[in-house]
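Be aware that the sequence shown starts at -14, since it is given in my numbering, and climbs by one per residue.
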Amino acid sequence: MVPALLSPILSRLGLWASGLILVLGFLKLSCLLLRRQKLARAMDSFPGPPTHWLFGHALEMQQTGSLDKVVSWAHQFPYAHPLWFGQLLGFLNIYEPDYAKAVYSRGDPKAPDVYNFFLQWIGKGLLVLEGSKWFQHRKLLTPGFHYDVLKPYVAVFADSTRVMLDKWEEKAREGKSFDIFCDVGRMALDSLMKCTFGRGESGLDDSRDSSYYLAVRDLTLLMQQRLESFQYHNDFIYWLTPHGRRFLQACQVAHNHTDQVIRERKAALQDEKEQKKIQNRRHLDFLDILLCAQDENGVKLSDADLRAEVDTFMFEGHDTTTSGISWFLYCMALYPEHQRRCREEACEILGDRDSFQWDDLGKMTYLTMCIKESFRLYPPVPQVYRQLSKPVSFVDGRCLPAGSLISLHIYALHRNSTVWPDPEVFDPLRFSPENVAGRHPFAFMPFSAGPRNCIGQQFALNEMKVVTALCLLRFEFSLDPTRPPIKTTQLVLRSKNGIHLHLKPLGPGSGK
Ligand code: HEM
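Here it is in structure tokens:
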């Protein structure tokens, strides 16, 4: 009786609900199409490569390798060209120093269409935050990279590197080439955990770090694929797909790792002795800063803010340096003459000592030039995105209105032949003081530039110098011609098939 009465009401409700969904869907689609039209019209004066009616440029980039494809487009379209991921998400892709300066010197916000994909994973940490909250967090965290804080890290970098090099000694004995990328990644994560998150020797937890490391590898791949696949752009649809569910699972693994790190440090802070130790330290480490931070009213960072910053630094602090170190070693294998000169310099600096000290870092001039040249050809972060908060006029008179999306293609900027003659040639002398002095300040941007540049760049450079010098003192690196790396962007620059190198131990007396 009751069901018979209810059924017409239910079917009417169902009808209303379907109607509402249709109307909302239609409104959303209209908004998206209007926005597309606005973005496309804004880029009218910028010719570019033909677009696929559904995929934009995404398909072509996936098929032919996005990095070199963009470099070839950059030859065809000087300064900039439109770049579409699907039909609804379009950027002006720029790769010219004056264009980069026009946008990146101003501190426009990050493009939410890209950076919102990070939210589920790293939350609103420094990388994604905007406005006064970003400013407040940046000011809070900058002392964590003070040079007095960075000084003792030199020894930590060296210790973590030695563990990796001992492992490599065994692998090298087999006489075959092997992929160095993974080992470098675990070493970089170990260093970061010890430096930034204060993990002591006894706290080393290989299996937990290992799951985190693998989760990050998944997350960066999935995020890049999401960005380039229009069907995954909408959150609601994405979380229903197997791809989205894989992303959520990997996030869970990453969050378990960060939660554990925070829990352990909070527990240590309960201990009075530990608290005294921290108070007596002249400079706090990154995690101390976050846990002790209070605003003028004594309010501490919320748990969500704390977790977001830990997640952000945990990812940014190891994946980027892993890429930097691995591609640097690849360059050394590719150019034995430069490898030899870096090794000689390191030997000379070290003399009879068995490890580097802080003052040594400034003396590594040739190695530093080689690191910068490898950053130029293999920038660990190949692309960054902004949304204009106000109109911009470029040097050639073309303009873009507020709301337009910008992609700075660092990889193509670093291969722009108007600034870098013979861009494919590895020439460290491009970074000699005389050559740097005459160059456009926005021609070389591995750490981005302007107010949203990398907060960890000094940490990264120090780590790169210590790790690479120790590697070169222990081994001679050469290529495996049967397995050349295939460059790919997964937020950071990686190789699809790893970086396979032959390592020849140099034996005692080589500075080990
Ligand atoms: C070779 C190593 C590194 C490279 C090439 C690099 C590159 C970059 C780039 C290009 C950006 C700008 C990102 C954007 O605009 O979307 C950035 C931002 C950032 N980096 Fe790095 N990074 C490196 C190492 C590190 C390290 C070691 C840390 C931390 C320990 C770190 C923490 C951050 C953070 C927190 C931001 C966001 C800063 C902000 O927006 O205020 N990075 N990095």
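Glycine included, every Cβ here is placed at the ideal spot set by N, Cα and C. None of these values were measured; they are calculated from a predicted model.
In this chain, ARG171 is not harboured by any beta strand (DSSP E); it is covered by the alpha helix (DSSP H) spanning 166 to 180. Apart from sequence neighbours up to five positions away, the residues of its chain that approach PHE166 with a beta-carbon distance below 6 angstroms are SER311, GLY483, ILE484, ordered along the chain. Distance from the Cα of PHE182 is smallest, within the candidate group PHE103, ILE247, TYR217, for ILE247.
Note: ILE391 is bridge-paired with LEU77, ARG371 in the DSSP secondary-structure output. The count of Cβ pairs closer than 8 angstroms, one atom from the stretch 139 to 149 and one from the stretch 445 to 463, reaches three, so the stretches are in contact. With a cutoff of 9 angstroms on beta-carbon distance, PHE460 and PRO490 are scored as near each other.
Taking the CA atoms as reference points, ASP412 sits about 13 angstroms from TYR363. Linking LEU233 to GLN105 through their CA atoms gives a straight-line distance of about 8 angstroms. By the Cβ criterion, the stretch 38 to 54 is in contact with the stretch 214 to 225, since at least three pairs of Cβ atoms, one from each stretch, lie closer than 8 angstroms.
The straight-line gap separating the alpha-carbon atoms of TYR138 and THR243 is approximately 21 angstroms.
Taking non-hydrogen atoms of ligand 1 into account, the C-beta of ASN282 is found less than 8 angstroms away from none of them. One alpha carbon belongs to ASP256, the other to ARG415, and they sit about 52 angstroms apart. Looking only at ASP53, SER15, SER57, LEU52, the smallest Cα-Cα distance to GLY33 is reached by SER57.
Around the beta carbon of LEU(-10), a 10 Å sphere encloses fewer than 16 other beta carbons of the protein chains shown; the residue is thus reported as exposed.
With a threshold of 8 angstroms, the Cβ atom of SER117 does not count as near ligand 1, since no heavy atom of the ligand is closer than that.
Judged by DSSP in its simplified three-state form, VAL284 adopts coil rather than helix or strand. Beta-bridge partners of TRP69 (DSSP): GLY75. In the displayed model, CYS384 falls within a strand according to three-state DSSP. The DSSP-derived three-state label of LYS161 is coil. Collapsing the DSSP output to three states places PRO128 in a helix. Taking C-beta atoms under 8 angstroms as the contact rule, SER374 and PRO94 qualify, at a distance of about 6 angstroms. Residue side-chain check: PRO431 places its Cβ nearer than 8 angstroms to a non-hydrogen atom of ligand 1.
Residue pairing by DSSP places ARG479 opposite THR473 in a beta bridge. Closest in C-alpha terms to LEU390, from the list PHE429, SER3, ALA25, comes ALA25. For CYS456, the shortest separation between its Cβ and any heavy atom of ligand 1 does not lie below 8 angstroms.
Proximity of the beta carbon of LEU112 to ligand 1 is indicated: a heavy atom of the ligand is located closer than 8 angstroms. If you compare the alpha carbons of SER359, GLU115, ILE6 with that of GLU409, the shortest gap goes to SER359. Considering only LYS136, HIS122, THR306, the residue with the shortest C-alpha distance to PHE341 is LYS136. Listed in chain order, the non-local C-beta contacts of LEU291 below 7 angstroms within the same chain comprise ILE247, LEU275, local neighbours out to five positions each way being set aside. Under the DSSP assignment, GLU409 falls outside any alpha helix (DSSP H); it carries neither an H nor an E label. With respect to the 9 angstroms criterion, LEU464 and LYS472 are not classified as neighbours on the basis of their beta carbons.
As the crow flies, the alpha-carbon of ARG328 is around 29 angstroms from that of GLY423.
If you ignore the 5 residues before and after ALA293, its C-beta comes within less than 7 angstroms of the C-beta of ILE107, GLY108, LYS109, GLY110, all in its own chain and listed in chain order. About 7 angstroms separates the beta carbon of MET317 from that of LEU457, a gap short enough to meet the 8 angstroms contact definition.
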